[in-house]
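Enquirer: This is the structure I want to talk about, given as structure tokens.
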Amino acid sequence: MAQVEYNKYLPSYRSLLTPNAKYDYRTHSLVELSQQDLKRIESRFQLEPPPPSKFKMKYQSLLGEVSRKASRLSMRVQSNLHPPQHTLKATKHLWSRCKSFGQLPLEIQILVFSFVDDPHAYHSCLFASKRFYQLAKPMLYRSVSFVSTYRFAQFVTCLRLNPATGTYVERLDLSGLKPGVQEEDWDDCSNPAATLAGWRDWKFKNNPLYAFHSAVLTKTVSNSSVASVPSQKKGNLAKYFKKRRRSSPPLYEKPEAPHQQAHHSSPHPTINRFLLSYSTSKDVPVGYVIHVINLCPNLVEADLGNLSLSTDYRISSPYAHKYQPYDLTHNYHKDLPKIVESISPLAQPASFNPFQETFPPTAPDSLEASSVSSVFSLNFAKPVRKYNSLLPPLPNSATEMSYLSRADGRIYLSDLNVKAINTSHLEVVHERDILRCLAARGHRVRSINLSSSIWLNAKLVADFLLEMLARDLDRKCVNGKHLWLFQGHYYDVGEPLEGRVEPSRSGLQLLDLSDSGMNKNLPWAQKIDMATPRGRQLVQRIVNDELLSSFEEYVIRERQRRGRVGENYFS
């Protein structure tokens, strides 16, 4: 056996056997380490020598060198004038960090608020700060649903005061509206304190005939009786009641609300005793629904299922300005629009607005208002008392045009605090006007629920689909008849629809008409899915008035499969 040469198989690192050499496997040779390499390796494992001790004097010499102090001062001044570059970068990096939530980029702030997804949390953020108000308001109004017709009426009036709020609404749900009294309490609905208020209570809130606090009005003193009291007795009575008020303890102390309930909404008001006959009703005026659709231009989903509508009238334009003092916008405080404008302005910069606000088209009346812009500036600007006598009288047409051009420019009878009105000033509003307003939003609305709507019929649905799907319907001649075709395709009765893939399209995707109409199981009262061939076939039959029952479809298919009786196939 040959003797093994250990020097040829040395490891690549320094070994205890050969501390001054290492083996290179690439060249297969023994590499000797130099003295400099050995010192560098040894310095890694040696401790640093301790610094030399300095002799500390117990006193400071008063005879220091002036030149040394001057050189030190000059070095400090130069270092302050020309700081090192790495120090500037570090300082800028520290100052560039966000120290608060408001310094974050707008996209990150919106993303953080979108993760909350809690209406109660968004409601609390409205009272935190102005910045939180501007961020939480679009999130809070993105999806709106109502249970009370009173709250819905308040929301409609709020939209008429501040139309910018409607641009945040993307989902509207009115299918959950309920009457003021529960079904189990219908037998005993004569108690006003146990019945919630409806939209009529909001309409007649400031009407003297339907005063909400009638007991307070009976205790008020008339002006004539007050004027008949002598001035001396007035002073004595005022002093007596003032002294009595100070000496007596307060009758009621408002308890402190907990922190989590500090900003909750006010309790729901109860119904007026003069309106108890409407306690079991959950209807809403047609004008309110039209207002909401017109003032919510970014609406994507509209759930109007099981909605009961009441008759409404539109005030004619030549007479609408006469009823401005009776408008329901006066139910709110007169400074409310200014407060909302100061917190969340209507015209926000594009850098801050988190959502694209597309306002409805300008009303024709508003075009005339541009010619009196100087009049508007005098009307809404803060007057200067010194020059009031020099100003010309403000024409009535300016305030009239501003009232008619507000919001969507429409005034309905449900928007006025009046019980009776001249019939010559009214125009009837029909249910089909709601469908026309929805059709005008056809480029954005994706889902519409009109289920359990007894006011619908086949003619209204056909006209609505023709206007809503105008871009997808074509008029062509088929078998000698002019028919509407969905995207150029005719769906025959016997044509197989299973497994068929339809091209994608934009616009309305789902229309729910289930259980609608005055009868049951109507052929058009179904859920229509525009993405399926079955839904497109149903649309084609509705607009062409070719609706068939399930039994009639079965008979036609069997006739096509078997052939007609007595037909000669060999001729």
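Just so you know, the sequence shown maps onto residues 1 to 571 in UniProt numbering.
For glycine and all other residues, C-beta sits at the position ideal for the given N, C-alpha and C.
Here the structure is a predicted model, which means the values were calculated and not measured.
#1: Report the residue from ARG446, GLY409, LEU522 and TYR403 whose alpha carbon sits nearest the alpha carbon of HIS330.
#2: Is it right to say SER374 is buried, meaning 16 or more other beta carbons lie within 10 angstroms of its own, or is it exposed?
#3: How many angstroms separate the CA atom of THR157 from the CA atom of SER148?
#4: Between ALA440 and CYS98, what straight-line distance do the alpha-carbon atoms span, to the nearest angstrom?
#5: Do TYR466 and TRP455 have their C-beta atoms closer together than 9 Å?
#6: Does DSSP put ARG505 in a helix, a strand or coil?
#7: Would GLY507 and ARG559 qualify as a contact pair, given that the criterion is a beta-carbon distance under 9 Å?
#8: Compute the Euclidean distance between the alpha carbons of ASN521 and VAL181, then round it to the nearest angstrom.
#9: Please return the same chain residues whose Cβ sits closer than 7 Å to the Cβ of ASP515, not counting the five positions on each side in sequence.
#10: Are THR175 and ASN294 closer than 9 Å when you measure CB to CB?
#11: Quick check for students: name the residue ranges of the alpha helix (DSSP H) that lie wholly in the stretch 113-140, counting only runs of 4 or more.
#12: Roughly how many whole angstroms lie between the Cα atoms of ASP303 and LEU177?
#13: State the Cα-Cα distance for the pair LEU438 and ARG562, rounded to the nearest angstrom.
#14: Measure from the alpha carbon of GLY287 to the alpha carbon of each residue in ALA164, PHE152 and HIS333, then state which is nearest.
#15: Tell me, which residues are paired with ARG314 by DSSP?
#16: So, helix, strand or coil for GLU341, using DSSP?
#17: Rounded to a whole number of angstroms, what is the C-alpha to C-alpha distance between TYR490 and ASN544?
#18: Report, in whole angstroms, the separation of the C-beta atoms of ALA197 and ILE271, which I expect to be a contact under 8 Å.
#19: Using beta-carbon positions only, say whether SER316 and LEU426 come within less than 9 Å of one another.
#20: Assign CYS477 to one of two classes, buried (16 or more other C-beta atoms within 10 Å of its C-beta) or exposed (fewer than that).
#21: State buried or exposed for PRO354, treating a residue as buried only when at least 16 other CB atoms are found within 10 Å of its CB.
#22: Name the residue from PHE274, PRO297 and VAL428 whose alpha carbon lies nearest to the alpha carbon of TYR313.
#23: Using 8 Å for Cβ pairs, my map puts VAL292 next to LEU435. What's the rounded Cβ distance?
#24: Considering only C-alpha positions, which residue in the set VAL144, PHE101 and PRO105 is nearest to ASP118?
#25: Since TYR133 and ILE343 should fall inside the 8 Å C-beta cutoff, what is the C-beta to C-beta distance between them, to a whole number of angstroms?
#26: So which of ASP201, ARG44 and LEU38 has the shortest CA-CA distance to VAL284?
#27: Measuring CA to CA, which of ARG541, GLN324, HIS333 and LEU161 is closest to LEU413?
#28: If you draw a straight line from the C-alpha of TYR122 to the C-alpha of LEU135, how long is it?
#29: Tell me which same chain residues have a C-beta within less than 7 Å of the C-beta of PHE113, skipping the five on either side of it?
#30: When the Cα of ARG131 is compared with those of GLU546, GLU301, ASP415 and GLN109, which residue comes out closest?
#31: Could you name the residues that DSSP lists as bridge partners for SER447?
#32: Would you list the one or two residues that DSSP bridges to ARG436?
#33: Between ILE542 and ALA462, is the Cβ-Cβ spacing less than 9 Å?
#34: Below 9 Å between beta carbons: does that hold for ASP335 and LEU416?
#35: Taking the alpha carbon of VAL289 as the reference point, which residue from VAL418, LYS419 and PHE146 has its own alpha carbon closest?
#36: Look at the alpha carbon of VAL555 and the alpha carbon of ASN449, and state the distance between them as a whole number of angstroms.
Expert: On the basis of the data shown:
#1: TYR403
#2: Because SER374 sits at a pLDDT of 34, beneath the cut-off of 50, its placement in the model cannot be relied upon, and the following sentence gives the value as read from the coordinates. Result: exposed.
#3: 15 Å
#4: 45 Å
#5: Here the sequence assigns Leu to residue 466, which means Tyr is not the residue at that position. No. Outside cutoff.
#6: coil
#7: no
#8: 31 Å
#9: SER451, SER452 and ALA525
#10: It is Ser, not Thr, that sits at residue 175 in the sequence shown. In this structure, ASN294 does not lie closer than 9 Å to SER175 by Cβ.
#11: 119-125 and 130-140
#12: 11 Å
#13: 45 Å
#14: PHE152
#15: TYR412 and GLU427
#16: helix
#17: 11 Å
#18: 5 Å
#19: yes
#20: exposed
#21: With a pLDDT of 38 at PRO354, under the threshold of 50, the predicted position of this residue should be treated as unreliable, and no value is reported.
#22: VAL428
#23: Not really, about 14 Å apart at Cβ, beyond 8 Å.
#24: VAL144
#25: 6 Å
#26: ASP201
#27: GLN324
#28: 9 Å
#29: LEU135, ALA136 and MET139
#30: GLN109
#31: GLU301 and LEU510
#32: Beta-bridge pairing links ARG436 to no other residue.
#33: yes
#34: no
#35: PHE146
#36: 32 Å
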